[in-house]
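**Q** Here it is: the structure, laid out below.
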Amino acid sequence: MSVARITEISSTSSVSFEDAIKQGITRASKTLRNVRSAWVKEQTVRVENGQPSEYQVNMMVTFVLDD
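Per this note's numbering, the sequence shown starts with residue 711, numbered consecutively.
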């Protein structure tokens with residue numbers, strides 16, 4: 711039996727939503743052990759001069775607690 715915890719993180723990228731997700735999970739995995747999944751809760755794009763300038767995702771990251 712395992713017990714998991716969920717934490718919410720926010721990540722941004724100037725490239726794409728996919729890049730923001732990858733960066734967020736990579737960074738979370740440096741601090742949290744046993745990361746198992748992530749649910750993208752929200753996506754937001756910032757616009758400057760009529761063009762997307764920053765992509766932001768809010769994610770719920772699930773990780774299994776150590777015994």
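Note that the Cβ used here is the ideal one computed from N, Cα and C, for glycine as well.
Just so we're clear, the structure is a prediction, and the values are computed from it rather than from any experiment.
Can the beta-carbon of Ile735 be found less than 8 Å from the beta-carbon of Thr772?
**A** no
**Q** So the alpha helix (DSSP H) Ser739 belongs to, where does it begin and stop?
**A** 727 to 741
**Q** Tell me which same chain residues have a C-beta within less than 7 Å of the C-beta of Ile738, skipping the five on either side of it?
**A** What sits at residue 738 in the sequence shown is Ala, not Ile. Excluding residues within five positions, the ones whose Cβ falls inside 7 Å are Ile719, Val745, Val771.
**Q** Measuring straight from C-alpha to C-alpha, what distance separates Ile731 and Ser721?
**A** So the alpha carbons of these two residues sit roughly 7 Å apart.
**Q** Helix or strand or just coil, what does DSSP make of Val713?
**A** Three-state result, Val713: coil.
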